[in-house]
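Residue numbers (this note's numbering): 619 to 1654.
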């Protein structure tokens, strides 16, 4: 077995790459070797320019090949040096890689260009232009040879006659022709760096009304298949592409076998092929019949035919002996005609025509072959034996005519065969496209789609890290295909890139059966997925070479992209479906899914199924945790609550989160209300256990409403509404309890809903009122300040207390406009008192700021604007903010409070002790006083813990230099105890209920509550009072 030759090339099809591959294959076959081709360009790309690098980076097939033949711009010196360090040789084709010395097979650009220049000068041209893209080395050599040939002929090269085409393909020729036309056609002849440039120039000139060669004679370079098919046919310098391939194999084999081989250029001769575009006449079938040259014997004719058919066509006619047999058959026909013998060797003649059908698509070869027959017939008639017999000439001429027709028909049949093969390829590609792209049922990675092709075998290796080969040196073999199943398949699993394709696949590449191994990157638009290796028939003579396999690789890559996209879409669809039906935070079903299941339960119950129950849950104390410790802690609390709810339920039950701190539960087959109550109590016990969150231990409770699914329910919304009403009923009576729905609860829920709607109208209708409650100096009973409190004078319900609507206002967003209205009312009323009541100049007014209002950006501007318009000194206004609002974001709150404090207003912490503020946070806030929550003050009369807690708050405030105001003082004993603690201020029903602004006497005149306070009985030790100035300072 000969060596395994690896070929690295950007493309493996087309006139140049396909012909080169055919030559390489012929050379490898001659030494009994195998062929592994490695394509570097993206799958599915056909049109390219050799000056666009598509360098190979992956060490693919290094363990499988004996050496590499590398075409132009396919690999750089770094890659090739690394390969050669493995002990294996490299030969380059049409490329001298900078920084890497090795044998390089190159066309002799100089000799062919020199012949072209001389030929044009012989036609009388002296203004000869050159068009080409000098980025590529070959084109630079051709341009240099053109200039030297002109100088050798005594013509000074004109730089103005050089046209940079910008590329080596058709578009480059188009651009060059436009430049020529722009310059007024300064040349009479032109040499193009490539045939494609030349064709682009000719087509553009013809479209512009010029004629070739009358207005411009043109010669190209390459003598590609396109040259002979132009009108006029293109004269071109032929480079022996197939012979270059054969020579590259010979040099590589010498290196593999250790024979000395010189690095550097190994030049292959080029020759000028003249046609019409240079000004030469067309080569017609019967032209120049008087020329005396021609074969005089069968051996001479065979030699001429061999030269015509085999020159540069190594793959089409492998055995020159077969051509000689065909020549003898044709000679025998003409000899029989000359002798007048009856009949002709029809079987042999038919076999000859069939053997010569490989002339498909090459009219020049057919023309030259027929010309040889005419010349042979002419010589035969002129021979001494037949010269005197005029009938011989007629018979021979008829025989030549018949053979010419037969050859033409053979060529037509061959073209038809090629057309049929092309159609079959289209059908195959269409079928393959349908199977790879049109169906999601078959995984393209299995390679089962190869059964619809003529591939012998295949193997798929994907990058295990997904798309992108960067940093990866191993492939995951995911599938193998063997049409015959005669060989053991490569088992799926990881392999090194060097060991891909598998050896058993390479072993199938038998060139005697026209089979070779093709390796292509699964890369489209830069997204690299791995490599596909196939064993199939070598078709280097087809116009697209072996690029059908490239198309398969492209289809597979797109199919993998499509598969991944569909998988991603399915995952996204599932995510969207999950997001549409499940709560993102807790992963519990959401309202939509819950309602769907609830509707099914309602339907089943109406059909006689056991009753179900719906539980609505609302967390008590969640807002305090959320506002005090932040939303992240609040979210963690909700997650843990959801987990505890799950543990209390059966698999058939459904727990859902409706948003915020509201949960709903559907108990399937709950039976009567007693069963639902047991579950409710279990839930309350579980949810109420303490939680440790962010280092803090917190406790909440849960209020639950229960509605039993009786058959009378027709709509899921109805029972959900009733469970919600029961929950609010329980919550209003006592938080942390549960209640079974009763129809009267629905009325209360409707009232809540009605309140929300009416409250929106109350602000515009002037139904809201500001009442004021005095804050009393507990030392002398004088009114030190007053707190503005909102009341709602409902036209039908009378005076509505804040507890009935403030929470609703906060929930529906009305707390901001209501708070702004209260600020205006308080400042306006204080100005009235300051203007009309003696002694009111030192009176202060307190205004409550809600959570929403505090965090609004315009709060500072709104306060400053109210003070300015009502001409109130800033120190006369007190803003009360609850502890929970401030601790929502202590740092941001500190900045906002500092801005307000800098304005001059006083800041008090309302309801102190009910939140989760730390002493450190409190110390760093710019506040002036703490207000003890009424719940602690109420406990003074009974619980010792409440008394101690109040005492602690007073002592802490004294240490921090803060005033203390006790809320909710209702008894003389409470007042006395607070005075004993030296609590400076207090408010409550003991002194006054909140009263309308018109009841001003009790607020500002004298000491109306002196009798309510008495001298302190036992003075508890407290720290000295901190000066007022230090209390108002803002910590840095």
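Positions of the beta carbon are idealized from the N, C-alpha and C atoms, including for glycine.
Beta-carbon contacts of residue i that lie in its chain and below 6 Å, excluding the five residues immediately before and after
{"i": "residue 1544", "result": "1515, 1516, 1519, 1652"}
{"i": "residue 731", "result": "760, 763, 764"}
{"i": "residue 633", "result": "842, 843"}
{"i": "residue 1444", "result": "1406, 1463, 1465"}
{"i": "residue 1287", "result": "1228"}
{"i": "residue 714", "result": "722"}
{"i": "residue 1575", "result": "1548, 1582"}
{"i": "residue 1551", "result": "1529, 1531, 1532"}
{"i": "residue 767", "result": "732, 735"}
Residue i versus residue j: straight-line alpha-carbon distance, rounded
{"i": "residue 1297", "j": "residue 1426", "result": "29 Å"}
{"i": "residue 655", "j": "residue 1025", "result": "36 Å"}
{"i": "residue 1482", "j": "residue 1434", "result": "16 Å"}
{"i": "residue 1529", "j": "residue 1225", "result": "54 Å"}
{"i": "residue 1336", "j": "residue 1391", "result": "44 Å"}
{"i": "residue 631", "j": "residue 1201", "result": "57 Å"}
{"i": "residue 680", "j": "residue 1115", "result": "8 Å"}
{"i": "residue 1348", "j": "residue 1613", "result": "32 Å"}
{"i": "residue 1281", "j": "residue 1338", "result": "11 Å"}
{"i": "residue 1318", "j": "residue 1408", "result": "29 Å"}
{"i": "residue 879", "j": "residue 705", "result": "15 Å"}
{"i": "residue 1295", "j": "residue 1358", "result": "8 Å"}
{"i": "residue 789", "j": "residue 1091", "result": "39 Å"}
{"i": "residue 876", "j": "residue 869", "result": "11 Å"}
{"i": "residue 1587", "j": "residue 1205", "result": "47 Å"}
{"i": "residue 866", "j": "residue 644", "result": "11 Å"}
{"i": "residue 1195", "j": "residue 1110", "result": "35 Å"}
{"i": "residue 927", "j": "residue 900", "result": "20 Å"}
{"i": "residue 1480", "j": "residue 1197", "result": "41 Å"}
{"i": "residue 1355", "j": "residue 1222", "result": "30 Å"}
{"i": "residue 699", "j": "residue 918", "result": "50 Å"}
{"i": "residue 1301", "j": "residue 1172", "result": "60 Å"}
{"i": "residue 955", "j": "residue 998", "result": "10 Å"}
Cutoff 8 Å; reference residue i; Cβ partners in own chain excluding five residues on either side
{"i": "residue 635", "result": "627, 628, 629, 689, 1163"}
{"i": "residue 995", "result": "952, 1014, 1015, 1017, 1018"}
{"i": "residue 1415", "result": "none"}
{"i": "residue 1459", "result": "1452"}
DSSP bridge partner residues for residue i (one or two, in chain order)
{"i": "residue 1391", "result": "1405"}
{"i": "residue 1528", "result": "1500"}
{"i": "residue 746", "result": "807"}
{"i": "residue 782", "result": "750"}
{"i": "residue 1412", "result": "1416"}
{"i": "residue 856", "result": "840, 889"}
{"i": "residue 1309", "result": "1316"}
Residue from the options with nearest C-alpha to residue i
{"i": "residue 886", "options": "729, 1189, 942", "result": "729"}
{"i": "residue 1547", "options": "1512, 940, 1584, 1513", "result": "1584"}
{"i": "residue 1231", "options": "1122, 1323, 1384", "result": "1323"}
{"i": "residue 1312", "options": "1248, 1373, 1328", "result": "1248"}
{"i": "residue 1401", "options": "1293, 873, 1606", "result": "1606"}
{"i": "residue 1361", "options": "1344, 1353, 774, 1373", "result": "1344"}
{"i": "residue 1059", "options": "1007, 1185, 1133, 946", "result": "1185"}
Same chain, Cβ closer than 7 Å to residue i, five either side skipped, listed in chain order
{"i": "residue 1212", "result": "1272, 1274, 1282, 1284"}
{"i": "residue 702", "result": "708"}
{"i": "residue 856", "result": "841, 888, 889, 891"}
{"i": "residue 1388", "result": "1406, 1408, 1440, 1443, 1444, 1447, 1615"}
{"i": "residue 1062", "result": "1054, 1174, 1177, 1178, 1181"}
{"i": "residue 1660", "result": "No answer is possible for residue 1660: the residues shown for the chain start at 619 and end at 1654."}
{"i": "residue 1363", "result": "1343, 1344, 1347"}
{"i": "residue 793", "result": "783, 784"}
{"i": "residue 619", "result": "650"}
Near the ligand FMN: residue i beta-carbon under 6 Å from a heavy atom
{"i": "residue 1357", "result": "No copy of the ligand FMN occurs in the structure displayed, which carries no ligand at all."}
So, does the stretch 1583-1603 touch the stretch 1383-1397, judging by three or more C-beta pairs under 8 Å?
Contact holds: three or more Cβ-Cβ distances are below 8 Å.
Contact the stretch 1028-1036 vs the stretch 1135-1153: 3+ CB pairs below 8 Å
Verdict: no, contact absent.
Do three or more CB pairs link the stretch 824-843 to the stretch 772-780 at distances below 8 Å?
Taking 8 Å as the limit for Cβ pairs, the verdict is that the stretch 772-780 does not touch the stretch 824-843.
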